[in-house]
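This report concerns only the one structure given below.
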Amino acid sequence: MSSNTICPQCKQAFDIKNNKGTRPFCSVRCQSIDLSQWLSAEYVISRPLFDPTLGIAESIEPMSDRSR
């Protein structure tokens, strides 16, 4: 039985059982493209993150809001 899924990068269907090392991507190429997009800030976290386990209402601000 195949378990087809769609690669989030190239949108091609592939059998995820045959790509255990590159999940959720279909190939190392798509995995590398995604990593490159994160590292070049093409993807960003658009709102502050809140972690309720911090106790006090501390939030983690996105990179663009931090003073450098």
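Residue numbering for the sequence shown follows my numbering, starting at 237 and increasing by one per position. The C-beta atom is built at its ideal place from N, Cα and C for all residues, glycine as well.
{"Check": "On a CA-only basis, which of P284, T258, E278 is nearest Q267? Give me that one, please.", "Outcome": "T258"}
{"Check": "Going by beta carbon distance, what residues of the same chain come within less than 8 Å of I252, once the five residues before and after it are set aside?", "Outcome": "S239, N240, T241, R259, P260"}
{"Check": "Note down the Cα distance separating K256 from C243, rounded to an integer number of angstroms.", "Outcome": "13 Å"}
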